[in-house]
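Reviewing the structure listed below.
The following block contains the structure:
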């Protein structure tokens, strides 16, 4: 996705960093793109830890990448000190759902407008 002209890096807020490269790396996609998700690798709060771990490992294998450790730890609930990153529930704790994009492209009417 890093080479796509449709992906825009954004950084609205960036707190203190322990070292260079610790900056958050959000990406923004325009509202006129259609997404295809890696449905088999979606992670929901109700899943048990082994299932979450398995899905992240399988996705890493499929994509030949290493997901960031902080992301994996966050999903597994191992970073409770990051309260600013948690979505609290009325009963306490937090819930995180992840969806991974397989692909995206401009919707057809926009693609037609942007043809050379």
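Numbering (my numbering), first residue to last: 3 to 118.
C-beta: ideal position from N, C-alpha, C; glycine also.
In this structure, the straight-line span from the alpha carbon of residue 34 to that of residue 101 is close to 18 angstroms.
Beta bridge pairing from DSSP links residue 108 with 35. With a threshold of 16 other beta carbon atoms within 10 Å, residue 117 falls short and is exposed.
Put simply, the backbone Cα of residue 115 is about 16 angstroms away from that of residue 36.
With at least 16 other beta carbons inside 10 angstroms of its own, residue 45 counts as buried. A Cβ-Cβ separation of about 6 angstroms places residue 68 in contact with residue 62 under the 8 angstroms criterion. The three-state reading of DSSP puts residue 103 in strand, counting E and B together. Shortest Cα-Cα distance from residue 74 to any of 113, 59, 48 and 64 involves 59. Beta-carbon to beta-carbon, residue 31 and residue 8 are separated by about 6 angstroms, close enough to satisfy the 8 angstroms threshold. Under the DSSP definition of a beta bridge, residue 30 partners with 10. For the options 29, 79, 40 and 104, the alpha carbon positioned closest to that of residue 48 is the one of 79.
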